[in-house]
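Colleague:
Numbering (the numbering used here), first residue to last: 66 to 675.
Spelled out as structure tokens, the structure:
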């Protein structure tokens, strides 16, 4: 029968059409009784069928790879890691030289290259594309794929010099960009690019678009999950902060209740530190003004100025205890189980205020007691027998045993600091008060030097100013007035001897004390008798004979050394000494007269010194 083909040949043609490799179709038709044009038509259709089969086979493989990549990407939660993997998978699917992803900022309308694969220029990563510029902006605005086979000759989108330079540095020629869409929102653009001229096929565009659709969903989901996690973390932190705040408020309420009870029940300042430490679960120390040093002193000074609880380093906080401008001490807190926040610091500040109130209350009681003790000291040193007759009994009523007191210390401090000095000495025991513009302390210490050093140290820490303290021992309270007068006389001499901050005893300066005791009028008479003419000359002529004479005697009677000490010419010194000889007589340098003149000059110098 004409125009028929054997079954074997038909089966061979079908196998050739489905074969993965090219087969000889024309050869398979050899021997078939068909016109030449029919054989060519059959061969063409078989080749077309095979091409279609190849395309579908390739499409199946691409879809399999696409879904495999989508499943893998869906398992990622970290956005940065997801972007990197997304670009890597797109690079494998499309097989171009370079693949990169640009993230779109809806507010600025800019695109920024976030992740790349295959690039060599370091400037490409992080490249920013201004709104409306380049192929990427066209993809965003059109929400569909755009491509060019030759970027340099592209006219469909505006060029930007920065973008062109980056593309040229990377050597890119053909580019394909597809949008990453989450609903109607563009979240980025995925690019595939080659370094050679290339016309992208519909299959390539479709494949990259399909991948971008999957990737956009996964990326948006990852972002939402990340944001959800951030919100959950923020909520957790907010709940934690709220719980901590509530706990802090409960502690503050507990401290407030305890402090109120302390005030009402007559508590003392140290009890405040105990209550505060118990509530804040930390160590709290109440410091006296004299115990402040280093970083703690700096923190207290800052707290004193600001009125706030101030960090003192090493997990410590300090808050000043103030009564008006007066510093009564400080609370030092060492952070423990509880982290110090605003509530804890405000609680410490309120505790410092309560401490100040309790200190003022205690000070009021002490001041009243101190006034009584001051009156007792004044009566003890009085010359009036009526004021002294029952002093022992009154002292015993205040808990003071006069027969146990062995040393007296007279302290010189500025008038405005005397009250602070007495306040500092009130806890040392004994009897303390003010007497004739001095602070006087009677102690049981049998060693006047040790008593003077102890009193000096205590007062110095309290007033933070130079302090002079003179100690004197006594066997009986009846000896006190004379000992106090002697110590006070010694205090007047010490500045003239160059001492402004020292602890001494009256016995160390006994010659001066004796001269400046109750018989000071004799000193004046002595000076007039021995060097009266020199003193008169200086008073009438505004002269410098006495200083010159003092320098001469102090420099071993050497005119040269005297001139050097006074910054004068030697002849000037000799002229002044000649005047002294005229006034005192030529024999004034005889040993006996010279000794008495030396003493008189020294006394005159001391009496005229401030």
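Note that beta-carbon positions come from the ideal geometry of N, C-alpha and C, so glycine has one too.
What does residue 259 pair with, by DSSP beta-bridge criteria?
Modeller: Within the chain shown, residue 259 is the residue found at index 194, counting from 1. BP columns for residue 259 point to 239.
Colleague: Could you say if the segment 542 to 558 and the segment 479 to 489 meet the contact criterion of at least three C-beta pairs nearer than 8 Å?
Modeller: With the cut-off at 8 Å, the segment 542 to 558 and the segment 479 to 489 do not touch.
Colleague: Determine contact between the segment 408 to 422 and the segment 449 to 467, defined as no fewer than three beta-carbon pairs at a distance below 8 Å.
Modeller: The segment 408 to 422 vs the segment 449 to 467: no contact.
Colleague: Would you call the segment 173 to 184 and the segment 263 to 275 touching, i.e. three or more CB-CB distances under 8 Å?
Modeller: No, they do not touch.
Colleague: With the cut-off set at 8 Å, would you say residue 369 and residue 392 are in Cβ contact?
Modeller: In the chain shown, the residue the question calls residue 369 occupies position 304. In the chain shown, the residue the question calls residue 392 occupies position 327. The answer is yes: Cβ separation under 8 Å.
Colleague: Taking the straight line between their C-alpha atoms, what separation do you get for residue 437 and residue 448?
Modeller: The residue labelled residue 437 in the question sits at position 372 within the chain shown. The residue labelled residue 448 in the question sits at position 383 within the chain shown. Answer to the nearest angstrom: the Cα atoms are 19 Å apart.
Colleague: Closer than 6 Å by C-beta to residue 247: which residues in its own chain qualify, once you throw out the five before and the five after it? Chain order, please.
Modeller: By 1-based counting over the chain shown, the position of residue 247 is 182. These residues qualify, in order along the chain: 281 and 285.
Colleague: With a CB to CB cut of under 6 Å and the five nearest residues on each side skipped, what residues in its chain are close to residue 402?
Modeller: In the chain shown, the residue the question calls residue 402 occupies position 337. Same-chain partners within the cutoff: 346.
Colleague: Is the segment 266 to 276 close to the segment 167 to 174, with three or more CB pairs under 8 Å?
Modeller: Touching, no, given that fewer than three Cβ pairs across the two stretches are closer than 8 Å.
Colleague: Thinking C-alpha only, which one of 442, 406, 207 and 176 is nearest residue 194?
Modeller: Mapped onto the chain shown, residue 194 falls at position 129. Checked all of 442, 406, 207 and 176; the closest Cα to residue 194 is 176.
Colleague: Would the segment 241 to 257 and the segment 191 to 210 be scored as touching if the rule is three or more Cβ pairs under 8 Å?
Modeller: As far as the Cβ criterion goes, the segment 241 to 257 touches the segment 191 to 210, which means the pair count is three or higher.
Colleague: Just to confirm before moving on: does the CB-CB distance between residue 557 and residue 510 stay below 8 Å?
Modeller: Here residue 557 refers to the residue found at position 492 of the chain shown. Here residue 510 refers to the residue found at position 445 of the chain shown. Not in contact: residue 557 and residue 510 (Cβ atoms no closer than 8 Å).
Colleague: How long is the line joining the alpha carbons of residue 559 and residue 619, rounded to whole angstroms?
Modeller: For the purposes of this step, residue 559 is taken as residue 494 along the chain shown, with counting starting at 1. For the purposes of this step, residue 619 is taken as residue 554 along the chain shown, with counting starting at 1. Rounded to whole angstroms, residue 559 to residue 619 spans 19 Å at the Cα level.
Colleague: Would you be able to state if there are at least three C-beta pairs under 8 Å between the segment 511 to 526 and the segment 459 to 467?
Modeller: Output reads no: the segment 511 to 526 does not touch the segment 459 to 467.
Colleague: If you drop the 5 nearest sequence neighbours on each side, which residues of the same chain put their C-beta closer than 8 Å to that of residue 198?
Modeller: Sequence index remark: in the chain shown, residue 198 carries index 133 (1-based). Within the same chain, residue 198 has close Cβ partners 222, 223, 224, 225 and 228.
Colleague: Look up residue 458 in the DSSP assignment and say whether it is helix, strand or coil.
Modeller: As a working note, residue 458 is residue 393 in the chain shown. Here residue 458 sits in helix by DSSP.
Colleague: Give the DSSP bridge partners of residue 169, in chain order.
Modeller: Indexing the chain shown from 1 puts residue 169 at position 104. DSSP output for residue 169 lists 176 as bridge partner(s).
Colleague: If you scan the segment 452 to 512 from start to end, which runs of the alpha helix (DSSP H) of 4 or more residues do you find wholly inside it?
Modeller: The segment 452 to 512 contains these whole alpha helix (DSSP H) runs: 456 to 462 and 483 to 490.
Colleague: Any idea which residues DSSP pairs residue 244 with across the strands?
Modeller: By one-based count along the chain shown, residue 244 stands at place 179. Partner(s): 254.
Colleague: Going by C-alpha to C-alpha distance, which of 385, 343, 371 and 344 sits closest to residue 361?
Modeller: On the chain shown, residue 361 is found 296 positions in, with the first residue counted as 1. The candidate whose alpha carbon is nearest that of residue 361 is 385.
Colleague: Look at the Cβ atom of residue 231, then the Cβ atom of residue 201, and state whether they are nearer than 8 Å.
Modeller: In the chain shown, counting from the first residue as 1, residue 231 sits at position 166. In the chain shown, counting from the first residue as 1, residue 201 sits at position 136. No, they are not a contact pair.
Colleague: What span of residues does the beta strand (DSSP E) with residue 348 cover, start to end?
Modeller: Against the chain shown, residue 348 aligns to sequence position 283. 348 to 352 is the extent of the beta strand (DSSP E) around residue 348.
Colleague: Sort 650, 102, 573 and 398 by Cα distance to residue 54 and report the nearest one.
Modeller: The requested residue 54 does not occur in the structure, where the chain is confined to residues 66 to 675.
Colleague: Kindly indicate which three-state DSSP category residue 392 falls into: helix, strand or coil?
Modeller: Indexing the chain shown from 1 puts residue 392 at position 327. Residue state, collapsed to three classes: strand.
Colleague: How big is the Cα-Cα spacing for residue 663 and residue 371?
Modeller: Here residue 663 is taken as the residue at index 598 of the chain shown, counted from 1. Here residue 371 is taken as the residue at index 306 of the chain shown, counted from 1. The straight-line gap from Cα to Cα measures roughly 58 Å.
Colleague: Identify every residue that forms a DSSP beta bridge with residue 653.
Modeller: The count along the chain shown starts at 1 and reaches residue 653 at position 588. Paired residues: none, contrary to the question.
Colleague: Check for me: the beta strand (DSSP E) holding residue 570 runs from which residue to which?
Modeller: Taking the first residue of the chain shown as position 1, residue 570 is located at position 505. Here the beta strand (DSSP E) through residue 570 covers 567 to 570.
Colleague: Considering only DSSP beta bridges, list what residue 378 is partnered with.
Modeller: Residue 378 sits at position 313 when you count from the first residue of the chain shown. Answer by DSSP bridge pairing, in chain order: 381.
Colleague: Excluding the 5 residues preceding and the 5 following residue 617 in the sequence, name in chain order all residues of the same chain whose CB lies nearer than 6 Å to its CB.
Modeller: As a position in the chain shown, residue 617 is number 552, starting the count at 1. So the list reads 627, once near-sequence residues are dropped.
Colleague: Using CA atoms only, rank isn't needed, just tell me which of 417, 518 and 343 is closest to residue 352.
Modeller: As a first step, residue 352 is located in the chain shown; it is residue number 287 there, counting from the start. Ranking 417, 518 and 343 by Cα distance to residue 352 puts 417 first.
Colleague: Return the CA-CA distance between residue 363 and residue 400, expressed in angstroms with no decimal places.
Modeller: Taking the chain shown and counting its residues from 1, the one referred to as residue 363 is at position 298. Taking the chain shown and counting its residues from 1, the one referred to as residue 400 is at position 335. Taking the straight line from one Cα to the other gives about 18 Å.
Colleague: Going by beta carbon distance, what residues of the same chain come within less than 7 Å of residue 188, once the five residues before and after it are set aside?
Modeller: Taking the chain shown and counting its residues from 1, one reaches residue 188 at position 123. The answer, listed in chain order, is 231 and 234.
Colleague: Excluding the 5 residues preceding and the 5 following residue 608 in the sequence, name in chain order all residues of the same chain whose CB lies nearer than 6 Å to its CB.
Modeller: Position 543 of the chain shown, counted from the first residue, corresponds to residue 608. Around residue 608: 602.
Colleague: What are the start and end residues of the alpha helix (DSSP H) that includes residue 616?
Modeller: As a working note, residue 616 is residue 551 in the chain shown. Its alpha helix (DSSP H) spans residues 610 to 619.
Colleague: By how many angstroms is the C-alpha of residue 174 removed from the C-alpha of residue 271?
Modeller: Taking the first residue of the chain shown as position 1, residue 271 is located at position 206. Taking the first residue of the chain shown as position 1, residue 174 is located at position 109. Distance between the alpha carbons of residue 271 and residue 174 is about 26 Å.
Colleague: Using the Cα positions of residue 34 and residue 632, report the straight-line distance between them to the nearest angstrom.
Modeller: Because the chain is modelled from 66 through 675, residue 34 falls outside the range shown and cannot be assessed.
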